[in-house]
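First comes the structure, then the notes that go with it.
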Amino acid sequence: MGGSFKIGRFSGIDVKVHWTFFLLLAFFAFIGYQASGSAVGALTATLVIVALFLCVLLHEFGHSLVAQRLGIEIHSITLLPIGGVSNFESLPEKPADEVKVTVAGPLVNVVLAPIFFGVGLLLGAVPSMPADLFTGFGSVGQFLFYLGYLNVVLAVFNLIPAFPLDGGRILRALLASRLGAVRATDISSAVGQLFALAFFLIGLLGGNFLLALVAVFIYFGATGEAQMVRQQEQTRGLSVSDVMGTKPRTETVTPDHTFGQVLDSVIHGYQEDFPVVDESGKLVGMITRDEIMAAAHSPQRYSSVRDLMKTNVPTISSQADLFEDGLRILQQSGLRALPVTENGELVGMLTIEDVGQASLLGPLPREMRRLDDRATSRETASR
Ligand SMILES: [Zn+2]
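In the numbering used here, the protein residues as written are 22 to 404.
If you want it as structure tokens, here you go:
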């Protein structure tokens with residue numbers, strides 16, 4: 022996430038803090054100072070927030086460490102004013118795994134609460150809430166007792182079935198085993214949005230602006246994740262050959278083509294990246310729009326394709342999974358198009374647009390999946 026910086030690392034997971042978190046600290050220091058009229062009040066309020074977010078961090082590690090055990094890679098945990106966010110490489114696929122990963126977070130708070138209550142009482146805390154939070158707790162014991170209470174709040178709040186809060190994820194996982202991932206996500210995110218609206222109103226009317234802010238994040242989080250799941254499910258199982266531009270519609274060039282000929286193709290056609298094949302039809306490289314455009318502005322403009330083409334271009338098999346492999350290799354290579362091969366022979370090209378089109382159209386009846394067999398704009402490019 023932009024604007025975050027690393028403050029530590031544990032079990033291969035970077036711990037980051039977003040800069041806006043310091044706005045929250047400053048805000049509470051100010052409130053503490055106003056309420057008590059002293060620096061002690063400001064310091065106490067700041068300490069409460071820091072301690073609260075340490076518990077939030079442990080909660081996130083609960084999710085992340087269980088996910089790691091299930092083989093999911095975790096990049097980082099970021100602390101934001103609205104809570105913690107774990108950055109997972111992928112989400113658990115099986116509903117049972119999602120439940121395990123999700124329950125682990127609130128479980129951390131359920132374990133922490135009695136520990137804080139116990140140690141607080143041992144240190145002489147009276148089992149009550151402080152009358153005024155920011156004029157000081159009187160004792161360390163009372164402060165710890167209050168942290169116990171905050172952990173109860175964290176556990177309870179996160180278990181509210183307001184997707185994407187933990188409770189909502191558990192609800193989704195329970196529904197998913199019966200209704201499938203898409204229906205389950207749709208229902209849970211609708212429930213999440215209802216809760217978000219309620220939180221927003223309660224926050225606004227009650228003057229609890231942090232709650233109102235959390236509500237906004239829940240609302241958009243629910244919407245965004247529902248869309249993502251729908252798209253993933255709809256395009257599951259599509260292979261590269263389902264959407265690629267097939268060979269007859271892909272214009273190729275040879276290393277001996279002149280630069281002028283390629284430039285002509287770019288200007289008069291729709292294709293921007295060209296596979297380079299030798300006389301025997303073997304793929305030897307690729308020449309992309311970027312190289313063609315760069316060359317157009319340099320004295321090299323009259324050189325042949327051989328001098329300009331990229332060699333060692335990544336290729337993809339026509340049978341490879343469209344999203345898992347096709348999109349990943351496209352993104353990693355930074356290319357806009359990939360030559361598609363079958364047994365080392367060029368059979369077509371897969372472009373970023375092909376992948377985008379597939380995710381827009383969603384599931385296609387098997388017989389219609391070959392988008393390229395239908396009349397598309399690509400027609401004009403196949404000369
Ligand atoms: Zn959680």
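Cβ coordinates follow ideal geometry from the N, Cα and C atoms, glycine included. Quantities reported herein were computed from a predicted structural model and do not represent experimental measurements.
The beta carbon of residue 242 sits no closer than 7 Å to any heavy atom of ligand 1.
With respect to the C-alpha of residue 287, the residue from 335, 167, 316 having the closest C-alpha is 316.
For residue 96, the Cβ stays outside the 7 Å cut-off from all heavy atoms of ligand 1. Residue 187 has its CB nearer than 7 Å to a heavy atom of ligand 1.
Under the criterion of beta carbons closer than 8 Å, residue 307 and residue 330 qualify as touching, at roughly 6 Å. Taking all protein chains shown into account, residue 37 has 16 or more neighbouring C-beta atoms within 10 Å of its C-beta and is therefore buried.
Following the DSSP letters along the chain, one finds residue 99 inside the beta strand (DSSP E) bounded by residues 95-101.
When DSSP reads this structure, residue 30 sits in a beta bridge with 35.
Remark: C-beta atoms of residue 325 and residue 295 do not approach each other more closely than 8 Å.
Separation of residue 132 and residue 85 (C-alpha to C-alpha, rounded to the nearest whole angstrom) is 17 Å. Distance check between residue 379 and each of 258, 93, 158, 166 places 258 closest, using alpha-carbon atoms only. Cβ contact annotation for residue 46 (same chain, cutoff 8 Å, sequence separation greater than five): 67, 70, 71, in chain order.
By the criterion of a C-beta distance shorter than 8 Å, residue 74 is surrounded in its chain by 42, 100, 105, once the five residues flanking it on both sides are discounted. Boundaries cannot be given for residue 229, as no beta strand (DSSP E) includes it and DSSP labels it neither H nor E. DSSP places residue 239 in the helix class (H, G or I) of the three-state scheme. Residue 178 carries a helical assignment under DSSP once its states are collapsed to helix, strand and coil. Residue 129 counts as buried, since at least 16 other C-beta atoms from the protein chains shown sit within 10 angstroms of its C-beta. Going by DSSP, residue 314 is part of no beta strand (DSSP E) but of the alpha helix (DSSP H) stretching over 310-317. Three or more beta-carbon pairs drawn from the stretch 361-373 and the stretch 255-270 are found closer than 8 Å, and the two stretches are therefore classed as touching.
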